[in-house]
Each structure stands twice: as C-alpha cells, then as structure tokens.
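Trainee:
Numbering (this note's numbering), first residue to last: 167 to 669.
Listed below in structure tokens is the structure:
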C-alpha cells in the first residue's frame, strides 16, 4: 500500500515550543508559570485553598471557565477539601497528595502527574488541576462539560425507514453511539492528538478480527505522519491521508449516521472520528458505496434492486445528458429524428450563443442557484432555488437567450443529480469536462472523455483496495450486493476484497 507523501511541510515556527516543563515544589512558582503561559486570559480561573494550617499546606485549583462542571467542582472537590480537618487525620505531609487522590476527591478519574505541559493541555480540555505547596506533582480531575447539540436526525442524510440518530460535534458521544450499535468487546478505538495549535482529538475505530490489520496499520501511519498546525474537521484529515490527492474521485467515505458507519465497521472497514464535527470518515471507500444507502437493507431485495438501478440510470443521465445533447445538436444531426430536429432548430433559432456555450451558461446558473440555496437560511434557501430556477428559466426562454430544449436538459440533469448526492462534486466536474469535449469533437469527444474517466477510476485505490471493486478487478461473488441486491441470507459473508478472515 502506498504511503502518504505530504507535499506541505509543517511550519515549525508556528507550533508551540515543547519545553518539557515540570511542576515545581514552590506553589507560587507554579502559579506564575501558568499565568505567564495563559497570558492572564480571563477564562482561566484560579482558586486558592488552605488545606492544613499547622504545616501551612496551601494549594490552588485551575480550570477553564465554560468547559467544566462548576457545580461538580464545588460539591466533589472544594467542599470535601475545605470541609475535612486534615490536622486531625493521621497523614504525613509526604502522603497528603496520595491521600487526597484516594480518599477526599470524589471523581471518576483522578490522575497524578508532574509534567506541566501535560497539565496545561488537560486544563484546556476541561479538566481541573490541583497544585499543592511543597509537592512537585499535581492532580488532574475529570470535570469536562461541553455545550453540544443533541443527538438529532442529520439533515444531509434523511431516511424513510431506519435509525434517525446522527452524530454530533462531541467525539465521546459519537464513540458511544457506535458502541451502542456494536455491543462487542472486539470493537476497538484508538486515540491520536493531531494539530500543533488545535491539538484535536482524533480516534480510529475498527473491529479486531474483522478489519484487515494492514489497513488499520496504514491508517495509523498516515495519521501519525500528518504535520499541520490546524485540524478543525475530518475534511482536513481526508486531504492529508487520501491515496490520490489530485483525483476528482472521493476515495474516503463520510457519514453522519451511526448505523451506516456501524455497518461499514462490520464489513471490515475502519472509521475515523474527529472532535468538533459530526462527519465520520470510513476507509476503504469503493465507488459502489455511492449507490447504496442504509435503508437498502431494511427493504425487500426486489425493491432495493429497482431503486439501485434507478440510481445508476440517474448517474448516467446527470453526467452525460448535457454532453449528448450538445454533441447531437452540433455535429450529429443525422442521429436525431427529423421531427425532433425541426423542433430543436425552431427553439434554438433565436438563441445568439453556440449550443456548447449555452449549455455551459445554463449549467453554471443552476450551480449558482443551488449554492445560494445551500448557503442561505433553509426556509429562504429552498424558495430561492425553486423560484429562481422557474423565473430565470422562463425569462431566459422568452428573451431568446436560451432555448426551451436546453432548459429541459438542464432541469433533467439537476433532478437526476439529486439522486446521487454522495458523489455530487465529482459528477459536476465530469459534466463540465464532457460538455467541453462534446462541443469540440462531438460523440467522439464524449467517448474519449468517458474512456479517460473510466480508465482513471480503474487506476485508483483506497487504502490498498481497488476503487472500482468488484467490477475492476472482476469479482463475480461480490456482485450480490452491488446494483442487484440479494436477500440478507445471501449477504452473510463479508466482502473478501476488504475482509482478511471470518470473525
């Protein structure tokens, strides 16, 4: 499998310097160090404590406002520390911090550490640190609390039947959603911290015994090889770890639905979760997956097969319809029935632009309307898309700027494009490419362009798996769940192209 070759080098000067600072025995030294590092930021809170008067055991806690459960800190940290009379306890000062860890602080997770850089990172992630005078270590208490969306149905992947749960922006919540779907101790999650400045938490998930260890190791290596200051979304990771960065085809899958990701894990794939985004990546990703949705497996195979064939037809229509129309109207009049040709000629008589330019203009206008509908507030955006298309199309035809047949072609292209939204970006680029070739060379250009696109897709791999599997290379046994779906009884065996061994 090909290793990631990153062309962008990390700017070391922009990343925080790793000084390996340690906790000091003197309390005020630790406080001044923290305040100098945080530059007296108003959201970093300090609270002084007096633990043991006769030995002058002073302490302070430090946490980030808005990222902790302050009520939890008051009830389970401050109140036990300030309420207990340490002078009456049979405690040596040397064991005070250990006694606090095991007997006083009421928290599910308490860690003792002397690495100040590690403490700073945990404070910024929502943990609370306790520093005690005379000790060269501190306690880290798990007090994280984040404001986040509830688990809702994702708007980008609506469903008629099946689970309506969707991932949110908290990685621990997303992990738990997958764990709930796959109640199996062999489901493993591994964690990485990526990004010199953002220090984003990234986790990979796989089922030990089902996933290929070669793929798991490759995912680890590619994530560890990333050198960047910023990771805010899985889209950042995708561009660093994909096999073919210059290809227009998407070789890494993504989804907001836990049931979809869980199904892929059970087939031997690896998931990549990133804190701060509801989109989860899955690898390897095959072309045929863009023709499949989770509810395909919740219906009878006959209906599912029909719907998948309709999606395949929609894919060909949305990619090739404008190019076929341009080629036929420009170069190959003999292939068009005489009556239809007369109608097309009458409609295009007043249009001042060549057919190819007309097709490009209308396609660009539609993409503008679609983009406006996506970016504007949803109630307004949908109205803008529909009304804009109707008004602009009708006005353009009446003004003689475009012909009615071209409006019909572009409308058909748009409608069929909504059926295959999983690869919409790729489809748009191929559509423009084929229009240009068809307008220049007719059906010969269309054929050359199609062969080029197919040959390029055949050359692609996703983490070692051919992108067009099971069609290229041909694996007839795997065709049982492609454009034709057999019954679930015949789908028990996992895909051999991804699976290493039966579980």
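Every residue gets a Cβ at the ideal spot worked out from N, C-alpha and C, and that includes glycine.
Using only alpha-carbon positions, find the residue among 625, 645 and 600 that is nearest to residue 484.
Mentor: Residue 484 sits at position 318 when you count from the first residue of the chain shown. Out of 625, 645 and 600, 600 has the C-alpha closest to the C-alpha of residue 484.
Trainee: So, at 7 Å on beta carbons, what are the nonlocal neighbours of residue 341 in its own chain, with the 5 sequence-adjacent residues on each side left out?
Mentor: Within the chain shown, the letter at position 175 stands for residue 341. The beta carbon of residue 341 is closer than 7 Å to those of 355, 369 and 439 in its chain, skipping five residues each way along the sequence.
Trainee: What are the partner residues of residue 227, as DSSP defines its beta bridges?
Mentor: As a first step, residue 227 must be located in the chain shown, where it is residue number 61. Note: residue 227 sits in a beta bridge opposite 213 and 296.
Trainee: With C-beta atoms as the reference, is residue 216 less than 8 Å away from residue 224?
Mentor: For the purposes of this step, residue 216 is taken as residue 50 along the chain shown, with counting starting at 1. For the purposes of this step, residue 224 is taken as residue 58 along the chain shown, with counting starting at 1. Yes.
Trainee: Just to confirm, is the Cβ distance from residue 226 to residue 197 under 8 Å?
Mentor: Mapped onto the chain shown, residue 226 falls at position 60. Mapped onto the chain shown, residue 197 falls at position 31. Yes, these two residues count as a Cβ contact at 8 Å.
Trainee: Name the DSSP beta bridge partners of residue 440, please?
Mentor: Taking the chain shown and counting its residues from 1, the one referred to as residue 440 is at position 274. Beta-bridge pairing links residue 440 to 368.
Trainee: Taking residue 623 as the reference, which of 433, 587 and 416 has the closest Cα?
Mentor: Along the chain shown, read from residue 1 onward, the residue named residue 623 stands at position 457. When 433, 587 and 416 are compared, the shortest CA-CA separation from residue 623 is found for 416.
Trainee: Going by beta carbon distance, what residues of the same chain come within less than 6 Å of residue 169, once the five residues before and after it are set aside?
Mentor: Position 3 of the chain shown holds residue 169. Note that residue 169 scores a pLDDT of 38, beneath 50, so its modelled location is shaky; the value from the coordinates is reported in the next line. So the list is empty, once near-sequence residues are dropped.
Trainee: Under DSSP, the alpha helix (DSSP H) around residue 506 begins and ends at which residues?
Mentor: The residue labelled residue 506 in the question sits at position 340 within the chain shown. Note, residue 506: alpha helix (DSSP H), 504-514.
Trainee: Leaving aside the five residues before and after residue 365 along the sequence, list all residues of the same chain whose C-beta is less than 7 Å from its C-beta, in chain order.
Mentor: Numbered from its first residue, the chain shown carries residue 365 at position 199. Closer than 7 Å at the Cβ level, and outside the excluded window around residue 365, lie 287 and 359.
Trainee: Decide if residue 469 is buried, meaning its Cβ has at least 16 other Cβ atoms within 10 Å, or exposed.
Mentor: Taking the chain shown and counting its residues from 1, one reaches residue 469 at position 303. Residue 469 should be labelled exposed.
Trainee: Less than 6 Å between C-beta atoms, sequence neighbours within five positions excluded: which residues of the same chain meet that for residue 554?
Mentor: Here the question's residue 554 lines up with position 388 in the chain shown. Cβ neighbours of residue 554 beyond the five flanking positions: 535.
Trainee: Taking only runs that begin and end inside the segment 314-342, name each unbroken beta strand (DSSP E) of 3 or more residues, in chain order.
Mentor: none
Trainee: Find out if the Cβ-Cβ distance for the pair residue 398, residue 419 is shorter than 8 Å.
Mentor: Counting from one through the chain shown, the residue named residue 398 turns up at place 232. Counting from one through the chain shown, the residue named residue 419 turns up at place 253. No; because the gap between Cβ atoms is not below 8 Å, this pair is not in contact.
Trainee: If I'm right that residue 471 touches residue 326 with Cβ under 8 Å, what's the distance once you round it to whole angstroms?
Mentor: Position 305 of the chain shown, counted from the start, is the residue given in the question as residue 471. Position 160 of the chain shown, counted from the start, is the residue given in the question as residue 326. Incorrect: roughly 17 Å between the Cβ atoms, too far for contact.
Trainee: For residue 150, which of helix, strand or coil comes out of DSSP?
Mentor: Past the edges of the chain, shown from 167 to 669, lies residue 150, and the structure says nothing about it.
Trainee: Report the CB separation of residue 189 from residue 304 in whole angstroms; it is logged as a contact under 8 Å.
Mentor: Locating residue 189 in the chain shown gives position 23, counting from the first residue. Locating residue 304 in the chain shown gives position 138, counting from the first residue. Going by Cβ atoms, the distance from residue 189 to residue 304 rounds to 5 Å, so yes, they are a contact pair.
Trainee: Which whole runs of the alpha helix (DSSP H) in the segment 387-413 are 4 residues long or more, in chain order?
Mentor: 400-407
Trainee: With which residues is residue 632 paired in a DSSP beta bridge?
Mentor: If you number the chain shown from 1, residue 632 lands on position 466. Answer is 627.
Trainee: Looking only at C-alpha atoms, which of 228, 629, 637 and 276 sits nearest to residue 406?
Mentor: Counting from one through the chain shown, the residue named residue 406 turns up at place 240. For residue 406, the nearest C-alpha among the options comes from 629.
Trainee: Kindly list the residues whose CB is nearer than 7 Å to the CB of residue 186, restricted to its own chain and excluding five residues on each side of it in sequence; keep chain order.
Mentor: Along the chain shown, one-based indexing puts residue 186 at 20. The answer, listed in chain order, is 283.
Trainee: Taking a contact to mean a Cβ-Cβ separation below 8 Å, would you say residue 235 touches residue 309 in this structure?
Mentor: Along the chain shown, one-based indexing puts residue 235 at 69. Along the chain shown, one-based indexing puts residue 309 at 143. Contact flag set, yes.
Trainee: Just how far apart, CA to CA, sit residue 609 and residue 513?
Mentor: Taking the chain shown and counting its residues from 1, the one referred to as residue 609 is at position 443. Taking the chain shown and counting its residues from 1, the one referred to as residue 513 is at position 347. Roughly 22 Å separates the two Cα atoms.
Trainee: Just checking my contact of residue 422 with residue 332 at CB under 8 Å: how many whole Å lie between their CB atoms?
Mentor: Translated into the one-based positions of the chain shown, residue 422 becomes position 256. Translated into the one-based positions of the chain shown, residue 332 becomes position 166. Sure, about 5 Å apart at Cβ, within 8 Å.
Trainee: If you draw a straight line from the C-alpha of residue 267 to the C-alpha of residue 276, how long is it?
Mentor: If you number the chain shown from 1, residue 267 lands on position 101. If you number the chain shown from 1, residue 276 lands on position 110. So the alpha carbons of these two residues sit roughly 7 Å apart.
Trainee: Compare the beta carbon distance of residue 619 and residue 596 with 8 Å and say whether it is the shorter of the two.
Mentor: One-based indexing of the chain shown puts residue 619 at position 453. One-based indexing of the chain shown puts residue 596 at position 430. For residue 619 and residue 596, yes; Cβs fall inside 8 Å.
Trainee: Find out if the Cβ-Cβ distance for the pair residue 585, residue 593 is shorter than 8 Å.
Mentor: Looking up residue 585 in the chain shown gives position 419. Looking up residue 593 in the chain shown gives position 427. Not in contact: residue 585 and residue 593 (Cβ atoms no closer than 8 Å).
Trainee: Indicate whether residue 434 and residue 378 have their beta-carbon atoms separated by less than 8 Å.
Mentor: Residue numbering aside, residue 434 sits at position 268 when the chain shown is read from its first letter. Residue numbering aside, residue 378 sits at position 212 when the chain shown is read from its first letter. Cβ distance < 8 Å, so residue 434 and residue 378 count as in contact.
Trainee: Under the rule that 16 or more other beta-carbon atoms within 10 Å means buried, what is residue 572, buried or exposed?
Mentor: Your numbering for residue 572 matches position 406 in the chain shown. Under this definition residue 572 is a buried residue.
Trainee: Got a sec, what are the start and stop residues for the alpha helix (DSSP H) residue 421 sits in?
Mentor: Reading the chain shown from its first residue, position 255 is the one you call residue 421. Element bounds for residue 421: not the alpha helix (DSSP H) but the beta strand (DSSP E), 419-421.
Trainee: Which first and last residues belong to the beta strand (DSSP E) in which residue 302 is found?
Mentor: Start at 1 with the first residue of the chain shown, and residue 302 comes out as number 136. Per DSSP, residue 302 belongs to no beta strand (DSSP E) and is neither H nor E.
Trainee: Under 8 Å by Cβ, that's how I've got residue 306 and residue 285 pegged, so tell me the actual separation to the nearest angstrom.
Mentor: Taking the chain shown and counting its residues from 1, the one referred to as residue 306 is at position 140. Taking the chain shown and counting its residues from 1, the one referred to as residue 285 is at position 119. Correct: roughly 6 Å between the Cβ atoms.
Trainee: Could you have a look at residue 205 and say whether DSSP puts it in helix, strand or coil?
Mentor: Locating residue 205 in the chain shown gives position 39, counting from the first residue. Coil, per DSSP.
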